[in-house]
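Residue numbers for the sequence shown, in the numbering used here: 741 to 984.
Beta carbons are placed, not taken as given, at the ideal position from N, Cα and C, and that holds for glycine.
Only one structure is covered here, and it is reproduced in the block below.
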Amino acid sequence: MDLAYQGIRYILSGKKSTILLWLWTLSVTFSAVTSNAQEPSEKRKWIGWGSAYGSYEQDDLKAEEMEGSTLELMTLHRSFEDTMVLGQALLDTRFEHHFLDDQGLYHSIKARVIHGYYSIGFGKSIEVLDSVEHDLIQIGGSLELLGGFGILQFDKLERNALGEVVHYGERFGTDFLVGYQLSIYADFDNAWTIGVKSAFYRNTLYIDYDEVEGRLNHIYSNMFFIGTKLGAVDCVPTRYMICK
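Here it is, written out as structure tokens:
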């Protein structure tokens with residue numbers, strides 16, 4: 741019994757193992773709720789763009805703050821009557837940074853990571869302006885946990901004071917995305933949606949240079965999005981009224 745317990749503790753002590761367990765739990769939960777939940781009352785799809793923020797660390801360097809760009813394709817964001825929210829999306833994040841270290845060595849860093857992720861959380865929208873036929877304006881928001889998997893592309897170049905260049909070349913890797921996000925949106929005429937979103941990550945991208953390891957910490961991102969919305973309206977057709 742003690743041996744089995746120690747084995748489980750050893751497996752969970754690794755960061756990647758913990759993330760894998762977290763993602764597995766999220767996927768099981770996501771599958772369970774999607775198979776048993778009621779039909780979604782609202783569906784949204786959007787394209788988002790904005791800025792990503794993080795830092796770069798290396799064994800022989802102090803941390804450097806980085807700013808990049810992020811694009812998102814929300815393929816499906818579903819809201820249910822019981823306030824549950826489920827989402828699935830593709831996320832494209834890019835960082836590019838150039839700096840001189842304390843020894844006068846020039847560094848040029850380029851990174852790109854494409855993630856596919858799922859999210860689960862809670863959300864609610866309310867009508868602020870409606871008519872007999874349409875929900876003209878709705879304001880809503882959601883708070884969600886997210887988890888996903890991505891492919892990393894990385895390129896690094898160094899140049900000393902004499903102009904000698906060391907190009908490490910392109911490196912590729914994989915990454916597990918874990919974090920949470922807050923979205924605020926407005927729906928118009930039950931057809932269009934616009935909003936803003938902030939996402940916060942516990943996400944470190946590791947790059948191996950053979951003798952030195954680099955670490956790109958993707959900390960958070962902010963974005964604006966616009967897309968389509970499909971949902972039920974309050975109009976109920978009768979013999980005296982036709983809903984459009």
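### Task
Closer than 6 Å by C-beta to residue 833: which residues in its own chain qualify, once you throw out the five before and the five after it? Chain order, please.
In the sequence shown, counting from the first residue as 1, residue 833 sits at position 93. Cβ neighbours of residue 833 beyond the five flanking positions: 792, 810 and 853.
### Query
For residue 916, which of helix, strand or coil comes out of DSSP?
Here residue 916 refers to the residue found at position 176 when the sequence shown is read from its first residue. Three-state DSSP puts residue 916 in a strand.
### Query
With DSSP run on the structure shown, which of helix, strand or coil describes residue 869?
As a first step, residue 869 is located in the sequence shown; it is residue number 129 there, counting from the start. Strand, per DSSP.
### Query
Quick one: is residue 1053 buried, meaning 16 or more other Cβ sit within 10 Å of its Cβ, or exposed?
Look at the range of the chain in this structure, 741 to 984, and you will see that residue 1053 is not part of it.
### Touching by the beta-carbon criterion (3+ pairs, under 8 Å), the stretch 945 to 960 and the stretch 925 to 937
no
#### Entry: Any 3 or more C-beta pairs closer than 8 Å across the stretch 962 to 971 and the stretch 908 to 919
no
### Query
Buried or exposed: where does residue 947 fall if 16 or more other Cβ atoms within 10 Å of its Cβ makes it buried?
For the purposes of this step, residue 947 is identified with residue 207 of the sequence shown, where counting begins at 1. Result: buried.
### Task
Just mark residue 964 as buried or exposed, buried being the case when its beta carbon has 16 or more other beta carbons within 10 Å.
Start at 1 with the first residue of the sequence shown, and residue 964 comes out as number 224. It counts as exposed.
### Query
In three-state DSSP terms, what is residue 895?
If you number the sequence shown from 1, residue 895 lands on position 155. Strand, per DSSP.
### Task
Throw me the rounded Cβ distance for the residue 857 and residue 881 pair, which I believe falls under 8 Å.
Reading the sequence shown from its first residue, position 117 is the one you call residue 857. Reading the sequence shown from its first residue, position 141 is the one you call residue 881. Wrong, their Cβ atoms sit about 19 Å apart, outside the cutoff.
### Query
Should residue 817 be labelled buried (16 or more other beta-carbon atoms within 10 Å of its own) or exposed?
As a position in the sequence shown, residue 817 is number 77, starting the count at 1. So residue 817 counts as buried.
### Residue span of the beta strand (DSSP E) that contains residue 796, given as start and end
In the sequence shown, residue 796 corresponds to position 56, counting from 1. Where residue 796 is concerned, the enclosing beta strand (DSSP E) stretches over 782 to 798.
### Query
By how many angstroms is the C-alpha of residue 813 removed from the C-alpha of residue 776?
Walking along the sequence shown from the start, residue 776 turns up at place 36. Walking along the sequence shown from the start, residue 813 turns up at place 73. With a pLDDT of 43 at residue 776, under the threshold of 50, the modelled position of this residue cannot be trusted; read the value that follows with caution. Using only the alpha carbons, I get a separation of about 26 Å.
### Same chain, Cβ closer than 6 Å to residue 906, five either side skipped, listed in chain order
Taking the sequence shown and counting its residues from 1, the one referred to as residue 906 is at position 166. Closer than 6 Å at Cβ, skipping near neighbours: 898.
### residue 855, buried or exposed, once every other Cβ within 10 Å from all chains shown has been counted against 16
For the purposes of this step, residue 855 is taken as residue 115 along the sequence shown, with counting starting at 1. The residue is buried, with at least 16 neighbouring Cβ atoms inside 10 Å.
#### Entry: Element boundaries [beta strand (DSSP E), containing residue 968]
Position 228 of the sequence shown, counted from the start, is the residue given in the question as residue 968. Element bounds for residue 968: 953 to 971.
### Task
Please determine, among 868, 924, 837 and 860, the residue with the shortest C-alpha to C-alpha distance to residue 804.
Here residue 804 refers to the residue found at position 64 when the sequence shown is read from its first residue. Checking every option, the nearest Cα to that of residue 804 belongs to 837.
### Message
Does residue 924 pass the burial test, meaning 16 or more other C-beta atoms within 10 Å, or should it be called exposed?
### Response
Stepping through the sequence shown from its first residue, residue 924 is reached at position 184. Residue 924 comes out exposed.
### Message
Considering only the alpha carbon of each residue, which of 949, 896, 961 and 911 lies closest to residue 920?
### Response
Here residue 920 is taken as the residue at index 180 of the sequence shown, counted from 1. Comparing Cα positions, the closest option is 961.
### Query
If you draw a straight line from the C-alpha of residue 868 to the C-alpha of residue 877, how long is it?
Position 128 of the sequence shown, counting from 1, holds the residue named residue 868. Position 137 of the sequence shown, counting from 1, holds the residue named residue 877. Spanning the two alpha carbons is a distance of roughly 6 Å.
### Message
Just to confirm the assignment, what range does the beta strand (DSSP E) spanning residue 803 have?
### Response
Position 63 of the sequence shown, counting from 1, holds the residue named residue 803. Counting along the chain, the beta strand (DSSP E) containing residue 803 begins and ends at 801 to 819.
### Query
Looking only at its own chain, which residues have a Cβ that is under 6 Å from the Cβ of residue 938, when we skip the five neighbours before and after it?
The sequence position of residue 938 within the sequence shown is 198, counting from 1. Taken in chain order, the residues that qualify are 922 and 962.
### Query
What do you get for residue 912, buried or exposed, if any count of 16 or more other CB atoms within 10 angstroms of its CB means buried?
As a working mapping, residue 912 is identified with position 172 in the sequence shown. Exposed.
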